[in-house]
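Chains as they are written, first to last, in the working numbering: chain A, 1 to 111; chain B, 112 to 223.
I have placed the structure first, in the form of structure tokens, so that the comments after it can refer back to it.
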């Protein structure tokens, strides 16, 4: 069966520090991968999606970036965090027209 | 811009009540539809897919109206454990379209 792992679960980082969140999927090949952010009391905002290794599409211009170095690995990064980067970050995968499956999320607080 | 709109609620209903949520979508070419449930501070989890003919899973019934571009979710005999935020999700087909568009969710509180 397929599983998705996302870590860390919680993170407190100072403004201006770097960020690296990692997501890996097991039990499937060539999934579409997604990074979403959910701010407090808000809906899910699509940040990045990837349809293959090295292929990244950005939906929202910001100081975040994403990379997909391996088929089932998706990384969200920032060189310098802003206070507004605080939120609940969710990684998800899906195949074709099926539903999406989410990791457990990373709750990031920038202080 | 493709949009999915939901009544944010909150819907406060007593145990045993029937409650219905609606969701409208803007893209008439949308192909797949889902309802997700999100508990507080947790990730969204698939509740059910929505099929053109409508579908039922226990106390939950989902309906799709393509002509009016809305999706509904009906919950019968509400339980305390149904308290959560319900997210409407739409997938649009088309070349290069890999996005799922999420509504902002409808919050349900089932009261003893």
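We put the beta carbon where it would ideally sit given N, CA and C, even for glycine.
Partners in chain A for residue i, counting only beta-carbon separations shorter than 8 Å
i                      : result
residue 214 of chain B : 43
residue 137 of chain B : Result: empty, since nearest Cβ-Cβ is about 15 Å, beyond 8 Å.
Chain A residues whose Cβ lies nearer than 7 Å to that of residue i
i                      : result
residue 145 of chain B : 99
residue 174 of chain B : Per Cβ cutoff of 7 Å: no residues; residue 174 of chain B is ~18 Å from chain A at best.
residue 141 of chain B : Neighbours of residue 141 of chain B on chain A: none; closest Cβ ~11 Å, over 7 Å.
residue 219 of chain B : Simply none; closest approach about 16 Å.
Partner residues on chain B for residue i, Cβ-Cβ distance less than 7 Å
i                      : result
residue 104 of chain A : 154
residue 64 of chain A  : Correct list: empty, because the minimum Cβ distance to chain B is about 17 Å.
residue 46 of chain A  : 210
Closer than 8 Å at the beta carbon, the chain B residues around residue i
i                     : result
residue 81 of chain A : The premise fails here: residue 81 of chain A is roughly 21 Å from chain B at the closest Cβ pair, so nothing lies under 8 Å.
Per-residue burial, residue i [other beta carbons within 10 Å of its own, 16 or more giving buried]
i                      : result
residue 37 of chain A  : buried
residue 162 of chain B : exposed
residue 92 of chain A  : buried
residue 151 of chain B : exposed
residue 31 of chain A  : buried
residue 78 of chain A  : buried
residue 212 of chain B : buried
residue 10 of chain A  : exposed
residue 221 of chain B : buried
residue 170 of chain B : exposed
residue 80 of chain A  : exposed
residue 90 of chain A  : buried
Check whether residue i and residue j have beta carbons under 8 Å apart
i                      : j                      : result
residue 201 of chain B : residue 124 of chain B : no
residue 108 of chain A : residue 86 of chain A  : yes
residue 110 of chain A : residue 83 of chain A  : yes
residue 181 of chain B : residue 133 of chain B : yes
residue 26 of chain A  : residue 2 of chain A   : yes
residue 33 of chain A  : residue 74 of chain A  : yes
residue 122 of chain B : residue 219 of chain B : yes
Chain-ordered neighbours of residue i on chain B, where CB pairs are closer than 9 Å
i                     : result
residue 76 of chain A : Result: empty, since nearest Cβ-Cβ is about 15 Å, beyond 9 Å.
residue 90 of chain A : 154 and 155
Under 9 Å from the C-beta of residue i: neighbouring residues of chain A
i                      : result
residue 164 of chain B : Residues of chain A passing the Cβ test: none, with the nearest at roughly 17 Å.
residue 160 of chain B : 98 and 99
The region 89 to 102 of chain A touching the region 151 to 158 of chain B, judged by at least three CB pairs closer than 8 Å = yes
ask   = With a cut-off of 8 Å, do at least 3 Cβ pairs link the region 185 to 200 of chain B to the region 113 to 131 of chain B?
value = yes
inquiry  = So within the region 17 to 92 of chain A, which uninterrupted alpha helix (DSSP H) runs reach at least 4 residues, ignoring any that extend past its ends?
reply    = Taking only runs of at least 4 residues, no alpha helix (DSSP H) segment lies wholly in the region 17 to 92 of chain A.
request  = At 3 residues or longer, and completely inside the region 155 to 212 of chain B: list those beta strand (DSSP E) runs for me, N to C.
outcome  = 156 to 161, 166 to 168, 171 to 176, 181 to 186 and 195 to 203
inquiry  = Is it the case that the region 11 to 21 of chain A contacts the region 166 to 182 of chain B, given that we only count it when at least three CB pairs across the two stretches are under 8 Å?
reply    = no
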